[in-house]
Amino acid sequence: MPSNRLFTLLVPVVSVVMGLIAGAIIMHISGFNPIDGYSALWTGAFGDAYTIGETIRRSAPYILTGLSIAFAFRTGLFNIGAEGQVLVGWLAAVWVGLTIDAPMYIHLPLAILAAAVAGGLWAFVPGILKAKLGVHEVIVTIMMNYIALFTTNEIIRKVLTSGQTTTDTIAGSASLASEWMQSITFYSRVHYGILIALFAAAIMWFIIQRTTIGYELKSVGFNQHASRYAGMNVSKNIILSMVIAGMFAGLAGAMEGLGTYGNMSVTAGFSNLGFDGIAVALLGANTAIGVVFAAFLFGALKEGAGEMPTGAGIPTELVDIIIALIIFFVASSYIIRWVIVRFKKEGK
Amino acid sequence: MIEILQSVIPTALFYSAPLILTALGGVFSERSGVVNIGLEGLMVMGAFLGIVFNLTFSDVLGAWTPWISILVAMVVSAIFSIIHAVASVSFHASQVVSGVAINMLALGIGVYLTKQWYGKGQTDMVDQPFYTTNIPLLSDIPVLGSIFFQGIYITSYLAIILAFVAWFVLYKTPFGLRLRAVGEHPMAADTNGINVSRMRYIAVILSGALGGLGGSVFALTIASNFSHSTIVGQGFMALAAVIFGKWHPLGAMGAALFFGFAQSLSVIGSSIPLLQDVPQVFLLIAPYVLTILALAGFIGRADAPRANGEPYIKGSR
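Pasting the structure below:
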């Protein structure tokens with residue numbers, strides 16, 4: 001058996017490579033040149049300063065939703081509700097950005113805080129239902145996603161505007177936009193959010209690895225009964241884990257609301273930030289550092305996909321297929337493990 | 349009053365049919381112990397196939413096109429769902445993760461091929477969708493006939509009949525008993541000589557077939573074309589119906605009918621005096637709120653099959 005450390009590194013790398021190979025095969029079958037396709041993808045993600053800026057912008061919320069899912073997962077919880085938490089965080093951030101009049105050093109932190117609190121509250125519901133009544137968090141969070149979708153749409157239409165589908169742009173004092181960062185990237189939409197995302201990753205690492213809270217959360221994730229026997233409050237830890245996870249996802253909403261768009265629109269479907277966050281967390285092996293790398297990979301894939309139709313005539317959805325396949329490969333790591341063990345045996 | 353019923357009930361049946369079919373798929377899968385978050389993706393697959401087949405063959409097949417379209421969608425979605433079965437049964441992958449991947453994959457493939465084949469993000473409208481009909485004899489019954497059997501889609505009744513078939517299969521046949529046993533206590537079932545993996549494969553493939561059927565019925569009655577936004581959340585609503593219906597085929601049907609009713613009210617509620625003042629948003633979120641309440645035990649306890657979501661690994665305790 002290869003050592004676990006090597007293995008946790010090997011599974012994601014093998015999965016990504018297999019995903020990209022599968023993508024190449026699909027391109028080949030549908031009559032495209034895979035080399036053209038991937039070089040268009042590369043140009044779209046890293047071709048010039050502008051696209052690099054956009055790639056960074058796209059990665060910031062992925063880092064946060066990835067952290068959200070990874071954090072909950074450490075306590076044995078599956079936060080499939082990041083999608084809804086993003087929406088309520090986005091709404092809260094824009095709401096504060098629109099209605100409050102304050103200098104930047106108060107307004108911006110307040111808007112960001114509002115997003116985190118809203119996300120946390122939204123995740124509190126599945127947390128307390130899981131802790132007190134044993135209701136499975138997967139179903140509750142999925143239902144909460146739809147409740148968030150319809151409720152935020154309604155609030156945008158009825159409360160923040162009078163019947164419009166898009167809110168006004170937030171006050172400049174609540175904006176994450178960075179003229180300095182934009183000027184070095186040919187005026188891409190890159191914003192200070194990436195710093196918040198990286199800081200959040202550092203916080204997750206610190207909580208999980210360096211505090212008693214993190215120790216308890218992990219312990220509950222490994223074995224609830226043992227943790228209870230050791231005197232830990234399992235319910236409290238489950239709720240806390242969900243709330244912190246929700247706060248990360250809420251911050252991802254703030255990235256979009258205060259950084260990229262500066263407003264919020266009525267939508268028919270989800271932003272998919274939360275669902276892609278599952279892929280990010282899975283690929284990042286639920287560690288803070290892994291999530292950051294995985295988020296940049298998916299950010300680059302998604303951003304680069306935009307260049308594929310013009311550069312090589314390939315529909316952008318190819319990247320969605322590749323990402324879905326990567327998830328399958330990571331999730332089926334049992335089989336990768338099995339194959340590697342098999343080869344080791346034969347080698348001896 | 350009768351006029352209101354005449355407008356509400358056919359619309360409710362119309363919106364329920366895809367939900368009932370997909371929810372039945374969910375019941376089969378989850379009863380065998382495989383969580384199926386991928387219902388949404390299976391519906392996407394069904395909708396895509398139903399529309400593409402209909403567009404391609406409507407000249408040749410004429411009036412039979414929609415029926416053959418849903419059959420094809422059913423078969424191909426069943427094959428597509430094998431991916432979920434392989435990952436979650438044979439490879440012991442997390443069933444939730446695999447389901448999420450199914451959703452992404454189905455939408456990716458659907459839109460990718462739409463762009464590849466039609467050169468744009470959405471297909472044309474189909475020429476041969478399902479049309480409403482009056483059911484012979486039954487529609488002549490006074491009062492009831494005009495509410496339940498006039499201007500109705502036959503697919504709605506197909507869905508309701510299939511729900512009873514599913515109930516019969518699950519509760520009155522040896523096959524159904526085995527399927528439920530595998531979902532409650534796979535080790536005991538294995539000891540009794542039931543092939544756990546095979547039962548779970550069959551259940552997942554059935555859910556693929558029914559999900560594909562549900563998706564294609566949705567596409568050919570409600571949407572009439574395919575794009576990335578054809579199926580948004582209907583699969584998850586079907587999943588909600590499975591749970592709200594307590595994993596029972598008839599319960600799931602009842603829940604799906606109720607959700608369809610809520611949807612129809614949100615569509616035509618503005619023409620009903622009593623509901624005019626109820627904001628639409630409450631009707632939209634009702635299915636999801638009710639599901640959470642049902643799970644929390646406020647509306648009778650909903651308990652999942654015991655082994656739901658756990659891969660069965662021979663020899664482990």
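Chains D and S, in that order, give the protein sequences. Read in order, the letters of the first sequence are residues 1 to 348 in this note's numbering. Read in order, the letters of the second sequence are residues 349 to 665 in this note's numbering. Glycine included, every Cβ here is placed at the ideal spot set by N, Cα and C. Owing to the predicted nature of the structure, the values given are computational and were not obtained by experimental measurement.
query	result
Please report the straight-line C-alpha distance between M1 (chain D) and A454 (chain S), rounded to a whole angstrom.	Any answer about M1 (chain D) is weak, because its pLDDT of 42 lies below 50 and its placement is not dependable; what the coordinates show is given next. If I take the Cα positions, the gap works out to 35 Å.
List, from N- to C-terminal side, the alpha helix (DSSP H) runs of 4 residues or more that fit wholly inside the region 461–540 of chain S.	502–520, 522–532, 534–539
Give me the chain D residues within the contact set of V574 (chain S), using Cβ-Cβ distance strictly less than 7 Å, ordered along the chain.	The sequence given here places Phe at residue 574 (chain S); Val does not occur at that position. What F574 (chain S) touches in chain D: nothing, since even the nearest Cβ is about 13 Å away.
Helix, strand or coil for L225 (chain D)? Go by DSSP, reduced to three states.	Residue 225 (chain D) is actually His in this sequence, not Leu. Correct three-state label for H225 (chain D): helix.
Grouping DSSP H, G and I as helix and E and B as strand, with all else coil, what is A285 (chain D)?	coil
Pairs of beta-carbons, one from the region 269–285 of chain D and one from the region 110–128 of chain D, closer than 8 Å: are there three or more?	no
If we count the other Cβ atoms within 10 Å of its Cβ and call it buried at 16 or more, is E137 (chain D) buried or exposed?	buried
Does the pairing of the region 86–96 of chain D with the region 216–236 of chain D give three or more beta-carbon distances under 8 Å?	no
I'd like to check one pair, L486 (chain S) with F710 (chain S): are the Cβ atoms closer than 8 Å?	It is not possible to answer for residue 710 (chain S), since the shown part of chain S is limited to 349 through 665.
If you measure beta-carbon to beta-carbon, which residues of the region 454–478 of chain S are closer than 7 Å to chain D?	L455, G456, I457, V459, Y460, K463, Q464
Taking any Cβ of chain S, which residues in the region 138–151 of chain D have a Cβ under 7 Å from it, in chain order?	V138, I139, V140, I142, M143, Y146, I147, F150, T151
Listed from N- to C-terminal order along the chain, which residues in the region 628–642 of chain S have their beta-carbon within a distance smaller than 7 Å of any beta-carbon of chain D?	V629, L632, I633, Y636, V637, T639, I640
Look at the alpha carbon of F329 (chain D) and the alpha carbon of A252 (chain D), and state the distance between them as a whole number of angstroms.	26 Å
I'd like the span of the alpha helix (DSSP H) that includes I415 (chain S), first residue to last.	Contrary to the premise, residue 415 (chain S) reads as Trp rather than Ile in this sequence. W415 (chain S) -> alpha helix (DSSP H) spans 413–428.
Suppose contacts are defined by Cβ-Cβ distances below 8 Å. Is G396 (chain D) in contact with E307 (chain D) by that definition?	No information on residue 396 (chain D) is available, as it lies outside the stretch 1 to 348 that chain D covers here.
Considering only residues of the same chain and omitting the five flanking positions on each side of P12 (chain D), which have a CB-CB separation below 8 Å?	L283, G284, A285, G290, A294, V330
Scan the region 268–312 of chain D and note each continuous alpha helix (DSSP H) run of 4 residues or more that stays entirely inside, going in chain order.	273–283, 288–305, 308–312
Is it true that the CB of T481 (chain S) sits closer than 8 Å to the CB of I502 (chain S)?	yes
Kindly list the residues whose CB is nearer than 8 Å to the CB of Y187 (chain D), restricted to its own chain and excluding five residues on each side of it in sequence; keep chain order.	Y50
Could you name the residues of chain D that M391 (chain S) contacts, counting a contact when the two beta carbons are closer than 8 Å?	Under the 8 Å cutoff, chain D gives no residues; its nearest Cβ is about 14 Å from M391 (chain S).
Roughly how many whole angstroms lie between the Cα atoms of S577 (chain S) and A268 (chain D)?	8 Å
Out of curiosity, what's the CA-to-CA distance linking R654 (chain S) and L525 (chain S)?	15 Å
At a CB-CB cut-off below 7 Å, which residues of chain D make contact with V330 (chain S)?	One cannot answer for residue 330 (chain S) here, as it falls past the ends of chain S, which runs 349 to 665.
Relative to the alpha-carbon of I323 (chain D), which residue among D:L9, D:R189, D:G19 has its alpha-carbon at the smallest distance?	D:G19
Is there at least one non-hydrogen atom of the ligand HEM closer than 7 Å to the beta-carbon of V330 (chain D)?	No copy of the ligand HEM appears in this structure; indeed no ligand is present at all.
Rounded to whole angstroms, how far is the Cβ of L133 (chain D) from the Cβ of A644 (chain S), which I believe are closer than 8 Å?	5 Å
Which whole runs of the alpha helix (DSSP H) in the region 588–645 of chain S are 4 residues long or more, in chain order?	597–616, 628–643
Just by C-beta distance, which residues in the region 61–85 of chain D are closer than 8 Å to chain S?	F78, I80
Can you list, in chain order, the residues of the region 441–455 of chain S whose Cβ is nearer than 7 Å to any Cβ on chain D?	A441, S442, V444, V445, S446, V448, A449, M452, L453, L455
Would you report the Cα separation of A507 (chain S) and H28 (chain D), rounded to the nearest angstrom?	40 Å
Check whether the Cβ atoms of I238 (chain D) and G66 (chain D) sit closer than 8 Å, and answer yes or no.	no
Roughly how many whole angstroms lie between the Cα atoms of A371 (chain S) and F512 (chain S)?	13 Å
Taking DSSP as the reference, what is the three-state secondary structure of S59 (chain D)?	helix
Tell me whether T569 (chain S) sits in a helix, a strand or coil according to DSSP, three-state version.	helix
Any beta carbon from chain S within less than 8 Å of I335 (chain D)'s own beta carbon?	yes
Give me the Cα-Cα distance between T413 (chain S) and G559 (chain S), rounded to the nearest whole angstrom.	19 Å
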